[in-house]
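See structure below.
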Amino acid sequence: MTAKAVNYTAEQTSAMVADYENGVTVEQIAQKLGKSVRSVVAKLSREKVYVAKTYTTKTGEAVVKKDAVADAIGSVLNMTESEIESLTKANKTALAKIFAALANSKPV
14 MTAKAVNYTA EQTSAMVADY ENGVTVEQIA QKLGKSVRSV VAKLSREKVY VAKTYTTKTG
74 EAVVKKDAVA DAIGSVLNMT ESEIESLTKA NKTALAKIFA ALANSKPV
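Numbering (our numbering), first residue to last: 14 to 121.
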């Protein structure tokens with residue numbers, strides 16, 4: 014039986030983790046080790062130190078998926094699943110405005 018080839022030595026792994034925890038980018042670590050960025054991310058993930066990037070909108074707000082906005086509108090209006098699904102075909106900006114209007118409205 015042949016021995017398994019080691020992709021990262023223990024020294025490379027500890028140096029990689031230390032670099033990452035000290036703010037070195039994944040791209041810089043990959044270049045330094047001669048590995049792909051995906052390989053470095055996978056190894057850091059296995060070592061339980063990698064933190065995925067959080068995405069924000071141009072205004073810095075958390076990204077909200079259009080389906081989530083449509084579901085929220087449907088919940089407020091007690092809509093059926095098929096009615097909610099038809100809402101998802103609308104523009105995300107329009108859905109956000111509708112939800113905001115519903116959130117600020119007073120019950121009749």
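Ideal Cβ positions, reconstructed from N, Cα and C, are used throughout, including at glycine.
Segment limits, alpha helix (DSSP H) that includes residue i
i       : result
Val-39  : 39–46
Asn-20  : Taken as a continuous stretch (DSSP letters only), Asn-20 belongs to no alpha helix (DSSP H), as it is neither H nor E.
Ala-107 : 105–117
Ser-131 : This structure does not reach residue 131, given that the chain is present from 14 up to 121, and the question cannot be answered.
Cutoff 8 Å: residue i Cβ touching any chain D Cβ
i      : result
Val-54 : In the displayed structure, chain D is absent; only one protein chain is listed.
According to DSSP, residues forming a beta bridge with residue i
i      : result
Thr-69 : Ala-75
Cβ-Cβ separation, residue j to residue i (assumed contact under 8 Å), whole Å
i      : j       : result
Leu-57 : Gln-25  : With a Cβ gap of about 12 Å, Leu-57 and Gln-25 do not count as contacting.
Tyr-33 : Val-76  : Their Cβ separation, rounded to whole angstroms, is 24 Å, which puts Tyr-33 and Val-76 out of contact at 8 Å.
Lys-79 : Lys-110 : Their Cβ separation, rounded to whole angstroms, is 13 Å, which puts Lys-79 and Lys-110 out of contact at 8 Å.
TODO: Would you check if there are 3 or more beta carbon pairs closer than 8 Å linking the region 19–27 to the region 41–58?
DONE: yes
Open item on the list: Under 8 Å: do the region 91–101 and the region 70–83 share three or more Cβ pairs, one atom per stretch?
Closed with: The region 91–101 is in contact with the region 70–83.
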